[in-house]
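2 protein chains.
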Amino acid sequence: MAATKPTVDKRRIILDAAVRVFARQGFHTCRVSDIADEAGVAYGLVYHYFGSKDEVLDTLFLERWGLLVEAIAEIDRRDVPARDKLHAVASFIVDSYRHDPELMKVIIVEVTRAANSFGAAHLDTISDAYRQIQGIVEKAQANGEFRTTVTAQFAAMAFYGAIEQVLTGWIFGLLEQGEDSYERAKDHVVETVCRGLETYTPAP
Amino acid sequence: MAATKPTVDKRRIILDAAVRVFARQGFHTCRVSDIADEAGVAYGLVYHYFGSKDEVLDTLFLERWGLLVEAIAEIDRRDVPARDKLHAVASFIVDSYRHDPELMKVIIVEVTRAANSFGAAHLDTISDAYRQIQGIVEKAQANGEFRTTVTAQFAAMAFYGAIEQVLTGWIFGLLEQGEDSYERAKDHVVETVCRGLETYTPAP
DNA sequence: GCCCGGGTTGACTGACGAGTCAATCCGTGG
DNA sequence: CCACGGATTGACTCGTCAGTCAACCCGGGC
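The listed protein sequences correspond, in order, to chains A and B.
Quick note: the first sequence uses our numbering, first residue 1, plus one each step.
Quick note: the second sequence uses our numbering, first residue 1, plus one each step.
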């Protein structure tokens, strides 16, 4: 049975080290040995747990994106106005960044926005999230909360794009950061995008 | 003087070939020899005109981004409402894509969104565009066209992010394309983002 | 005490591709 | 007709890693 199990989970250690290395040097510019060094393990051990360098990034991405998709699905099931749902989605993404900026940086920079290399392989998984947001908008359009002048598909892309660009701004130091900024960002994205989608907006 | 000038501009031919190759295979996955082959010139000639593989991409990016920044500056000088200015900016970007999808794909995928590799080097140039959009919003806020609840910097990022995400959707076949879609996209981005920014929105 | 097997090690290999360079071509001026 | 020099050629070099593998370590079962 479970022989040699009490040892710490080296696989996890390698994954965590990879996040730091990818965030610092980028996937393409780092060597597998950098990951091993950062993790404090031998080079070969990386290949004991992962089939290739790519698989390390794949694993990180799928782990995290799975959580996102799951979270959006749960949010969509709530019985609240679309605006609140979208606020919750924005909230989840922003909080993901707040909780682990390095991991989010890696996922956005190396996968989500790297549509030629990794994005291509995961395009379908990535668009799962887009489709879910689209679903939220569609329902809101059906029940009259949102106007139908803009297609749901388009609105979803605009919404997600706005958030991702803001995260990118943080990641590269173009936008002011801090607890306040994070909270404001959630409101602002929704304020900006939803107000444009809603059927009626009271004058301020 | 101008010896051997009548020959076609090989430099240009190489650049154009590079666009096709980068768009098809991606910058990292293509070889310099692929560019040379596509251009129908010898391998070494690429190095006669460019110092490195990177410099080819740099050149393509700077050429095009320069036009964008210039265009936004010109638009900003016009004496029209902010909404119209932003519509013109969206228009310019969408038309750039319509006019040369491959070049725009390369610029977005390999530079603008590749913040670790090339984006890093050009971060400043890239954000020139963001800053200009920010300027348009700031003026609109100053003269009361736009509300000040959302910072201009933030609005600029959201606006640009929304457009870029839509282009990305086209690039990877996630969003329906065609003349109609392009025209609608311009209106929709502005409709979506500006409506959320304006001080007063008439009921639909 | 001894064997078994999975965890762990790190030196080594093989492929690949950016960049070099000496040779060749060819238009122009004298 | 020749010499000059920039344009053009493509075979070759050289460094860099991703991935392999044979050996080693060590806990558990017998």
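Using N, Cα and C, we set each Cβ at its ideal position, and we do this for glycine too.
Given the structure is predicted, the values throughout are model-derived calculations rather than measurements.
To the nearest angstrom, how far is the alpha carbon of B/G119 from that of B/V111?
Approximately 5 Å between the Cα atoms of the pair.
Out of A/R184, A/A185, A/V190, A/F154, which one is the CA nearest neighbour of B/K186?
Nearest in C-alpha terms to B/K186, of all of A/R184, A/A185, A/V190, A/F154, is A/F154.
For chain A, find out if any of its Cβ atoms is closer than 8 Å to the Cβ of B/F61; answer yes or no.
No, its Cβ sits nowhere closer than 8 Å to a Cβ of chain A.
Output yes if chain B places a C-beta closer than 8 Å to the C-beta of A/G51; else output no.
False, the Cβ-Cβ gap to chain B never drops below 8 Å.
Below 8 Å on C-beta distance, what does B/E191 contact in chain A?
Contact annotation for B/E191 against chain A: T149, V150, G196 [CB-CB distance below 8 Å, chain order].
Give me the Cβ distance between A/T192 and B/G196, rounded to the nearest whole Å; I'm assuming they're in contact under 8 Å.
The Cβ separation is near 4 Å, so the contact holds.
Is the segment 84 to 93 of chain B close to the segment 143 to 152 of chain B, with three or more CB pairs under 8 Å?
Counting Cβ pairs under 8 Å, fewer than three are found: no touch.
Check each candidate in A/G40, A/L45, A/E55, A/P81 and name the one with the smallest Cα separation from A/V137.
Nearest option by C-alpha distance: A/P81.
Does any residue of chain A bring its CB to less than 8 Å from the CB of B/A142?
By this cut-off, B/A142 is not an interface position.
Buried versus exposed, by CB contacts within 10 Å (16 or more), A/R12:
The residue is exposed, with fewer than 16 neighbouring Cβ atoms inside 10 Å.
Measure the Cβ-Cβ separation of A/A88 and A/Q132 and say whether it is below 8 Å.
No, Cβ-Cβ distance for A/A88 and A/Q132 is not below 8 Å.
Got a sec: is the Cβ-Cβ distance from B/R121 to anything in chain A below 8 Å?
Here the sequence assigns Ala to residue 121 of chain B, which means Arg is not the residue at that position. No, B/A121 does not count as interfacial toward chain A.
Give the straight-line distance between the Cα atoms of A/L62 and A/C194, rounded to the nearest whole angstrom.
The straight-line gap separating the alpha-carbon atoms of A/L62 and A/C194 is approximately 29 Å.
Sorted by chain position, which residues of the same chain lie with C-beta nearer than 7 Å to A/V19's C-beta, five sequence neighbours on each side aside?
Correct list, in chain order: L60, E102, L103, V106.
Taking the Cβ atom as the reference point for each residue, do B/V56 and B/L15 lie within a distance shorter than 8 Å?
Contact flag set, yes.
Given a threshold of 16 other Cβ atoms within 10 Å of its Cβ, counted over all protein chains shown, does B/T168 qualify as buried or as exposed?
Here B/T168 is buried, its C-beta having at least 16 other C-beta atoms within 10 Å.
On the criterion of 16 or more Cβ atoms from any shown chain inside 10 Å, does A/L175 qualify as buried, or is it exposed?
So A/L175 counts as buried.
Which residues, in order along the segment 107 to 118 of chain B, keep a beta-carbon less than 8 Å from a beta-carbon of chain A?
Per Cβ criterion, the list reads V109, E110, R113, A114, A115, N116, S117.
What are the boundary residues of the alpha helix (DSSP H) that A/V56 is part of?
Per DSSP, A/V56 belongs to the alpha helix (DSSP H) from 53 to 77.
Cβ-Cβ separation, B/G135 to B/D76 (assumed contact under 8 Å), whole Å:
The pair is a contact, with the Cβ atoms about 6 Å apart (cut-off 8 Å).
Look up A/F146 in the DSSP assignment and give the residues it is bridged to.
A/F146 is bridged by DSSP to A/E198.
Tell me the rounded alpha-carbon separation between B/V32 and A/Y160.
Computed Cα separation, rounded: 35 Å.
Listed by chain order, chain B residues near A/H28 by CB distance under 8 Å
Within chain B, the residues H28, N116, S117 have their CB atoms less than 8 Å from the CB of A/H28, given in chain order.
Taking the C-alpha atoms as reference points, what is the distance between A/E38 and A/G44?
A/E38 and A/G44: Cα-Cα distance of roughly 14 Å.
I'd like the ranges of any alpha helix (DSSP H) spanning at least 4 consecutive residues and lying wholly in the segment 96 to 167 of chain B.
Fully contained in the segment 96 to 167 of chain B are the following alpha helix (DSSP H) runs of length 4 or more, in chain order: 101 to 106, 118 to 142.
For my contact list, B/I171 and B/I108 are in at a C-beta cut-off of 8 Å; report their separation, rounded to the angstrom.
Sure, about 7 Å apart at Cβ, within 8 Å.
Following the continuous alpha helix (DSSP H) through A/A23, name the residue where it begins and the one where it ends.
Start and end: 10 to 25.
Excluding the 5 residues flanking B/A17 on each side, which residues of the same chain have their C-beta closer than 6 Å to its C-beta?
If you ignore the 5 residues before and after B/A17, its C-beta comes within less than 6 Å of the C-beta of I35, E38, A39, all in its own chain and listed in chain order.
DSSP three-state call for A/M1: helix, strand or coil?
Low per-residue confidence applies at A/M1: pLDDT is 40, beneath 50, and the placement is therefore not dependable, though the value from the model is reported in the following sentence. It is coil, neither helix nor strand.
Distance check for B/A140 and B/R205, CA to CA, integer angstroms please.
What is shown of chain B runs 1 to 204, which leaves residue 205 of chain B out entirely.
Cα-Cα separation between B/A129 and B/L68, rounded to whole angstroms
If you take the alpha carbons of B/A129 and B/L68, they lie about 8 Å apart.
Roughly how many whole angstroms lie between the Cα atoms of B/G216 and B/E183?
Nothing about residue 216 of chain B can be read from this structure; chain B reaches only from 1 to 204.
Chain-order list of residues whose beta-carbon lies under 6 Å from that of B/M157 (same chain, five-residue window excluded):
If we look at B/M157 and ignore the five residues flanking it on each side, it has no Cβ neighbours.
Please tell me whether B/E38 has its Cβ less than 8 Å away from any Cβ of chain A.
It does not; no Cβ of chain A falls within 8 Å.
Can you list, in chain order, the residues of its chain with a C-beta nearer than 7 Å to that of A/R98? Leave out the 5 residues immediately preceding and following it.
Within the same chain, Y182 come within 7 Å of A/R98 by CB-CB distance, once the 5 residues on both sides are set aside.
Cut-off 7 Å between Cβ atoms - residues of its own chain near B/E145, not counting five sequence neighbours on either side:
For B/E145, the CB contacts under 7 Å within the same chain, skipping 5 residues up- and downstream, are P81, A82, E198, T199 in chain order.
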